[in-house]
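Novice: Protein chains in written order, with the numbering used here: chain U, 579 to 915; chain C, 579 to 915. Dumping the structure here so I can ask a few things about it.
Protein chains: 2
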Amino acid sequence: MVPTLKDVAERAGVSRSAVSRTFTDGASVSAKMRKLVEKAAAELGYSPNVLASSLTTGRTKLIGLVSNNFHNPIFLEVFDLFTRALQEKGLRPLLVNLTHETDPANSVRLLRQYSVDGVVVASSTLPPGFGKAFRDAGVPVVHAFGRVTSAPQVHVVGIDNIEAGRLAARSLIARGYRRVGFMGGPEAASSTQDRLKGFTSELATRPEISVSQSFASAYSFDAGRREMQALLDAGHAEAYFCGDDVLSIGALSAIQDRHLSVPGDIGIIGLNDMEIAGWNSVNLTTIRQPISEIVHSSIELMSAMLLDPARLPEARIFACNIVERGTLRPLNAAGTG
Amino acid sequence: MVPTLKDVAERAGVSRSAVSRTFTDGASVSAKMRKLVEKAAAELGYSPNVLASSLTTGRTKLIGLVSNNFHNPIFLEVFDLFTRALQEKGLRPLLVNLTHETDPANSVRLLRQYSVDGVVVASSTLPPGFGKAFRDAGVPVVHAFGRVTSAPQVHVVGIDNIEAGRLAARSLIARGYRRVGFMGGPEAASSTQDRLKGFTSELATRPEISVSQSFASAYSFDAGRREMQALLDAGHAEAYFCGDDVLSIGALSAIQDRHLSVPGDIGIIGLNDMEIAGWNSVNLTTIRQPISEIVHSSIELMSAMLLDPARLPEARIFACNIVERGTLRPLNAAGTG
DNA sequence: ACTTATTTTGCAACCGGTTGCATGAGTGCT
DNA sequence: AGCACTCATGCAACCGGTTGCAAAATAAGT
């Protein structure tokens with residue numbers, strides 16, 4: 579059915595090696611041979627089978643793109659950027675959805691069956707066991723949006739979540755809020771923990787400000803909404819740092835339901851700067867995470883690892899900045915603190 | 579490095595065929611042989627290389643998941659459903675981003691290089707040339723969210739966009755709007771054309787209602803917002819049917835900017851019922867597209883084609899229903915029209 | 001116990017490519 | 001013209017599996 583290297587060789591009247599060589603760059607082929615082969619190949623509509631060649635070369639150019647974030651719109655952008663960036667480098671993303679997977683061993687087996695050249699983990703909530711399992715299986719790993727530590731076990735690209743928490747805290751302090759709250763995503767996620775840590779440690783220097791904390795069950799609109807409803811029932815703070823924009827927007831929704839005003843009654847600051855945050859019906863003040871930079875840096879790191887698998891794990895940390903919109907009271911309203 | 583079939587055979591002291599057979603179901607192996615091999619395999623941590631086996635079996639269990647919709651949040655859900663459904667069937671999605679691809683031949687070559695078993699096209703805006711190109715290359719194709727015709731060239735699963743347009747029109751008629759507009763996505767997309775066709779043909783029976791039409795440059799929030807801004811400048815209708823929820827939400831944003839009220843000054847009805855449409859800050863009346871049913875039906879169709887590639891192209895059409903929220907005036911406000 | 005039918009196993013060829021090595025063809029130099 | 005040297009080509013083995021076929025082992029039948 580589909581033409582093979584042998585077909586091309588026969589039609590061109592040359593050896594199979596000759597055909598193979600014209601399609602692998604760096605191989606030694608004369609100009610006339612190349613012409614001959616390319617003509618035959620074009621006539622037959624031949625293109626080499628990457629999978630077959632992978633048997634001998636050991637490279638499939640397949641990259642496992644692993645995630646469990648399929649309910650946060652920011653990840654559509656992440657997938658878009660990743661797939662495009664990979665394609666530009668001649669790599670193919672094999673998408674793996676870990677939403678209902680708890681055992682790293684299964685994922686490792688799966689990706690080894692397809693002998694992927696590398697794995698990109700794109701998630702802020704995946705337990706670190708997954709990344710380590712891939713690495714232990716000898717597969718180059720880059721964890722994008724993962725926890726950044728000083729001695730990383732695998733390559734990590736992301737933001738300093740602790741610093742992001744500090745940034746949020748400073749922002750609330752500067753605006754004179756005296757009772758503030760942290761509303762995180764799933765408590766077990768490292769991103770949640772770090773954001774909380776930065777937030778509280780920055781506020782620790784200001785004992786006059788009271789700090790509460792709570793956790794939504796997931797990084798989703800509904801979870802944020804439910805969590806804020808509970809907070810409103812229990813007696814709320816003046817302002818909240820939500821661990822993600824979708825949580826913030828869910829929270830805003832709950833606040834609006836009670837006919838409370840933002841930022842009049844409650845202030846909200848989110849994290850991510852997803853597209854929707856900028857919609858004027860939302861207008862969320864938030865901490866921008868540099869998605870595009872994180873993705874491209876991850877791919878760059880992955881490319882480097884494909885060339886040198888022994889490369890030492892590295893952490894790449896990007897700075898965040900606050901995008902001021904309308905869900906915190908303005909700076910000049912700051913109290914004397 | 580990673581153990582191969584040969585390693586297992588040697589350790590178990592049996593032939594390579596024996597090992598191969600214990601891992602392919604339906605093959606003839608005795609119970610004691612199976613035990614022996616499985617023990618050795620477990621000790622070595624062996625799992626068969628799907629890609630190598632594909633050489634002889636001709637199946638890679640790889641399915642190309644092709645799309646160019648990476649800016650509409652509804653597609654995150656689509657990807658989630660597709661990847662999960664494929665995984666459950668033991669198939670792997672190879673994600674292909676066609677955002678900047680115009681030549682079907684490139685995509686065909688790409689997917690043939692990886693000898694995918696089939697291709698799922700998930701897009702409402704991809705030109706039909708792509709689907710046909712895959713089919714002509716001998717690859718089973720299912721086009722999800724594609725144009726449904728009575729004599730499809732490839733398998734298509736989706737909604738009847740013409741009927742959806744009619745549904746929107748009837749809804750506006752019933753509410754007594756006298757000047758209505760269609761605000762579509764990209765004019766060239768078949769989904770846009772069909773929705774418009776249904777919309778206008780239904781309204782053709784009501785000459786007293788004036789109908790205008792316009793097209794946003796993309797299925798995106800910004801495009802919808804810009805388009806509505808232009809409409810507001812030029813003199814707007816009483817109600818609009820927007821070809822997609824993201825367009826609707828963009829339009830709502832533009833309307834809100836001008837301090838006009840919805841549904842007081844302008845009514846909006848969308849299409850898709852994306853999650854955000856239900857957020858109470860949006861509260862969009864819209865036509866629900868049964869995403870999950872479409873995805874699962876597509877996968878079912880793909881599975882059937884893998885068993886019988888000669889299967890005749892089939893169109894599967896799902897019904898849509900209106901989700902009434904707050905962006906159209908209530909029914910009892912209908913005029914005498 | 002002996003023949004026959006059935007299942008299990010190993011051999012070897014093959015899937016679609018790649019690559020080390022040896023041979024053959026060119027090229028430059030004296 | 002003769003020699004050494006470089007470059008291009010083909011042969012054959014190999015990558016990690018599968019599978020038709022025949023031999024070996026087991027089960028069944030009398």
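Yeah, the Cβ is synthetic: ideal placement off N, Cα and C, and Gly gets one too. Bear in mind that the values here come from a model prediction, so they are computed numbers and not experimental data.
Please tell me whether C:R599 has its Cβ less than 8 Å away from any Cβ of chain U.
Specialist: With 8 Å as the cut-off, C:R599 does not count as an interface residue toward chain U.
Novice: Considering only C-alpha positions, which residue in the set U:G743, U:R836 and U:R803 is nearest to U:G776?
Specialist: Checked all of U:G743, U:R836 and U:R803; the closest Cα to U:G776 is U:G743.
Novice: Chain U partners of C:M579, CB-CB under 8 Å?
Specialist: The contacting residues are G716.
Novice: Mind checking if U:Q807 is an interface residue toward chain C, Cβ cutoff 8 Å exclusive?
Specialist: Taking Cβ atoms only, chain C never reaches closer than 8 Å to U:Q807, which makes this a no.
Novice: Is any beta-carbon of chain U found at less than 8 Å from that of C:P682?
Specialist: So no, C:P682 is outside the interface.
Novice: Please work out which residues of its chain come closer than 7 Å, Cβ to Cβ, to C:P891, disregarding the five sequence neighbours upstream and downstream, and give them in chain order.
Specialist: Excluding positions up to five away in sequence, the list reads P730, Q731, V732 and H733.
Novice: In or out: C:H814 buried (at least 16 other Cβ within 10 Å) or exposed?
Specialist: Its Cβ being crowded by 16 or more others within 10 Å, C:H814 is buried.
Novice: Can you check whether the C-beta of C:Q867 is within less than 8 Å of a C-beta belonging to chain U?
Specialist: By this cut-off, C:Q867 is not an interface position.
Novice: Please name the residue or residues paired with C:N899 in a DSSP beta bridge.
Specialist: C:R866, per the DSSP bridge assignment.
Novice: Given a cut-off of 8 Å, decide if C:L689 and C:G636 are closer than it, judged by their beta-carbon atoms.
Specialist: Contact flag unset, no.
Novice: Taking a contact to mean a Cβ-Cβ separation below 8 Å, would you say U:A746 touches U:F799 in this structure?
Specialist: No, the pair does not count as a contact, with Cβ atoms beyond the cut-off.
Novice: Is C:P671 helix, strand or coil by DSSP?
Specialist: DSSP places C:P671 in strand when its eight states are reduced to three.
Novice: Considering only the beta carbon of each residue, do C:L629 and C:A590 sit closer than 8 Å?
Specialist: No.
Novice: Please list, in chain order, all residues of the same chain as C:F723 whose beta carbon is under 7 Å from its beta carbon, the five residues on each side excluded.
Specialist: Closer than 7 Å at the Cβ level, and outside the excluded window around C:F723, lie A700, S701, S702, G736 and I872.
Novice: What are the uninterrupted segments assigned as beta strand (DSSP E) that are 3 or more residues long and contained completely in the region 708-741 of chain C, given in chain order?
Specialist: Counting whole runs of 3 or more residues, the region 708-741 of chain C contains the beta strand (DSSP E) stretches 719-722 and 733-737.
Novice: Nearest CA to the CA of C:Q786: which residue from C:G821, C:R756, C:V840 and C:S749?
Specialist: What sits at residue 786 of chain C in the sequence shown is Glu, not Gln. Per the Cα distances, C:R756.
Novice: Helix, strand or coil: which one does DSSP assign to U:S779?
Specialist: Correct three-state label for U:S779: helix.
Novice: Looking at chain C, is there any beta carbon in it that lies within less than 8 Å of the beta carbon of U:T914?
Specialist: Summary for U:T914: the model assigns pLDDT 45, below 50, so the residue's position carries little reliability; its value from the coordinates is reported in the next sentence. No, its Cβ sits nowhere closer than 8 Å to a Cβ of chain C.
Novice: Which term fits C:P682, buried or exposed, when burial requires 16 or more other beta carbons within 10 angstroms of its beta carbon?
Specialist: Answer is buried; the Cβ neighbour count reaches 16.
Novice: Distance, Cα to Cα, C:L795 vs C:D822?
Specialist: With the sequence shown as reference, residue 795 of chain C is identified as Ser, and Leu is not the correct amino acid for it. C:S795 and C:D822: Cα-Cα distance of roughly 12 Å.
Novice: Would you mind sorting C:A663 into buried or exposed? The rule is 16 or more other CB atoms within 10 Å of its CB.
Specialist: Counting Cβ neighbours within 10 Å, C:A663 comes out buried, since at least 16 surround it.
Novice: Let me confirm a value: C:L583 is counted as buried when at least 16 other C-beta atoms fall within 10 Å, else exposed. Which label applies?
Specialist: Flag for C:L583 reads buried.
Novice: With distances taken between CB atoms, is the gap from C:R687 to U:S625 smaller than 8 Å?
Specialist: Yes.
Novice: Pull up the distance between the alpha-carbon of U:E679 and that of C:F793, whole angstroms please.
Specialist: Their Cα atoms are separated by approximately 42 Å.
Novice: Across which residues does DSSP place C:Y818 in a beta bridge pair?
Specialist: Answer by DSSP bridge pairing, in chain order: C:G759 and C:I846.
Novice: Terminal residues of the continuous alpha helix (DSSP H) containing U:G904?
Specialist: Premise fails: U:G904 is in no alpha helix (DSSP H) and is neither H nor E.
Novice: From which residue to which residue does the beta strand (DSSP E) around C:S788 run?
Specialist: Element bounds for C:S788: S788 to F793.
Novice: With distances taken Cα to Cα, identify the nearest neighbour of U:R803 among U:T863, U:S631, U:T783 and U:S831.
Specialist: Comparing Cα positions, the closest option is U:S831.
Novice: When DSSP labels each residue in this structure, what does U:R744 get in the three-state scheme?
Specialist: Helix, per DSSP.
Novice: Would you say U:R690 faces chain C, with C-beta separation under 8 Å as the test?
Specialist: Chain C, which has a Cβ nearer than 8 Å to the Cβ of U:R690, makes this yes.
Novice: Under 8 Å, Cβ to Cβ, is there at least one residue of chain C near U:A630?
Specialist: Yes, because at least one Cβ of chain C sits closer than 8 Å to the Cβ of U:A630.
Novice: Determine the contact status of C:V860 and U:S826, defining contact as a CB-CB distance below 8 Å.
Specialist: Contact: no.
Novice: Is the separation between the beta-carbon of U:V607 and that of U:A620 shorter than 8 Å?
Specialist: No, they are not a contact pair.
Novice: Which same chain residues end up closer than 6 Å to C:P651 when comparing Cβ atoms and leaving out the 5 residues on each side of it in sequence?
Specialist: Only M852 meet the Cβ criterion.
Novice: Look up U:V628 in the DSSP assignment and say whether it is helix, strand or coil.
Specialist: Residue state, collapsed to three classes: helix.
Novice: From C:C898 to C:L849, what does the alpha carbon distance come to, in whole angstroms?
Specialist: Cα to Cα, C:C898 sits roughly 9 Å from C:L849.
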